[in-house]
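Peer 1: The structure follows.
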Amino acid sequence: MEMYKLTGSHPLAAPSTANDDDSTNAMTTTTRMRKIRRTERSDSRRMKVFIELRVGDEENASNEVVVIEVFDDEAPTAARALERIARCDSGAFASASARDEMRVVFGFKEKLHRPLSAEGELTHAVAGAVGLSRDGAELSACVEPLEALDDSHQCVGRVASGMEFLRTLVQRGNKETKVRVVACGVVRDGADVATLVSISTKARAEAEREAAKRAERVKNETPQETMDRLSRESARRGVELAAMVRSRASASATNVCAKPKPKSKGMLDSVLGDDGSDSESD
């Protein structure tokens, strides 16, 4: 009663702050778990973006591919922004580097024209989450849960392939490894991007190795070897040109030998009949 007299409120009727805090925490936990589940959910029908990276110096470089499943159904505005960037091929990227020991950051040469607003119930509290900064300056691929990124980035996808490479990149740091983006693109309709890009990467690497071998041979050849090589190339080009000429000549002959279509008779031909043509021949 003394408390009632002093404060005007009964102790048993006073609001329970502890209960309110518990309710708020429970709601926050429920919301967080729902965001995590939605971020982890995969859908093969979603758009995919692939980024091909060249790692190391030119002499000992190797190519690696990261595939991102884009949440075009959960965050459509951010997904469209990322698609526009990826369709510019490697020209849109300024850098690729490890940061915070928890993510790999891809910097863009130009920022987005409009800042991104929050979309969907998504979070970076999941390893593999990919976020686009709200000012459109960079793309972050998280190798560890990084929920603090929710304040400055819009979660736009998840790493579908290349996670182990990203972890290795973060562990090495920026001092030991030189990384740059050499290609990127967009694939829709549930295509198996990882397989396609892997084949493309291997073919490109093989072509580059062959080109390097040819360049090395040319660099070390003697003047006589240079003359012989140019002679062979000239002969091969001559054979190709000759085959092209024969092909075109054969096509022309076929057109000449084709039976011409009979000319339609005009009004004068109908009046003169066959006599007109006979008189011309005579």
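Sequential numbering from 110 applies to the sequence shown in my numbering.
Yeah, the Cβ is synthetic: ideal placement off N, Cα and C, and Gly gets one too.
Quick caveat, the model's predicted, so the values are computed rather than measured.
1. Buried or exposed: which applies to S343, given that a residue is buried once 16 or more other Cβ atoms fall within 10 Å of its Cβ?
2. Can you list, in chain order, the residues of its chain with a C-beta nearer than 8 Å to that of R281? Leave out the 5 residues immediately preceding and following it.
3. Measure the beta-carbon distance from G294 to V179 and round it to whole angstroms, keeping in mind my assumption that it falls under 8 Å.
4. According to DSSP, is A292 helix, strand or coil?
5. Assuming the contact rule is C-beta atoms closer than 8 Å, C251 and A269 should be a hit. Round their C-beta distance to whole Å, please.
6. Please identify the residue among S340, Q333, V290 and T335 whose C-alpha is closest to the C-alpha of V214.
7. Take E334 and list the residues in its own chain whose beta-carbon comes closer than 8 Å to its own, dropping the five residues that flank it on each side.
8. Taking only three categories from DSSP, how would you classify E389?
9. Between the alpha carbons of D244 and S226, how many angstroms are there, rounded?
10. What residue range does the beta strand (DSSP E) around F274 cover?
11. Starting from the C-beta of L221, find all residues in its chain whose C-beta is less than 6 Å away, skip the five residues before and the five after it, and write them out in chain order.
12. Taking the C-alpha atoms as reference points, what is the distance between R357 and R345?
13. Short of 7 Å in beta carbon distance, which residues of its chain neighbour A170, apart from the five on each side in sequence? Order them along the chain.
14. Helix, strand or coil for L381, going by three-state DSSP, please let me know.
15. Is G240 near V175, with beta carbons less than 7 Å apart?
16. Can you grab the Cα-Cα spacing for the pair L350 / R212, in whole Å?
Peer 2: Here's the rundown:
1. Flag for S343 reads exposed.
2. A207
3. The pair is not a contact, with the Cβ atoms about 12 Å apart (cut-off 8 Å).
4. strand
5. Incorrect: roughly 14 Å between the Cβ atoms, too far for contact.
6. The residue with the shortest Cα to Cα distance from V214 is V290.
7. none
8. With a pLDDT of 43 at E389, under the threshold of 50, the modelled position of that residue is not reliable, and the figure given next carries that caveat. Helix, per DSSP.
9. 10 Å
10. Unbroken run through F274 is the alpha helix (DSSP H), M272 to R281; no beta strand (DSSP E).
11. A190 and G245
12. 19 Å
13. R163 and V164
14. Bear in mind that the predicted position of L381 carries a pLDDT of just 46, short of 50, making it unreliable; the figure below should be weighed with that in mind. In this structure, L381 counts as helix in the three-state DSSP scheme.
15. no
16. Taking the straight line joining both Cα atoms gives about 54 Å.
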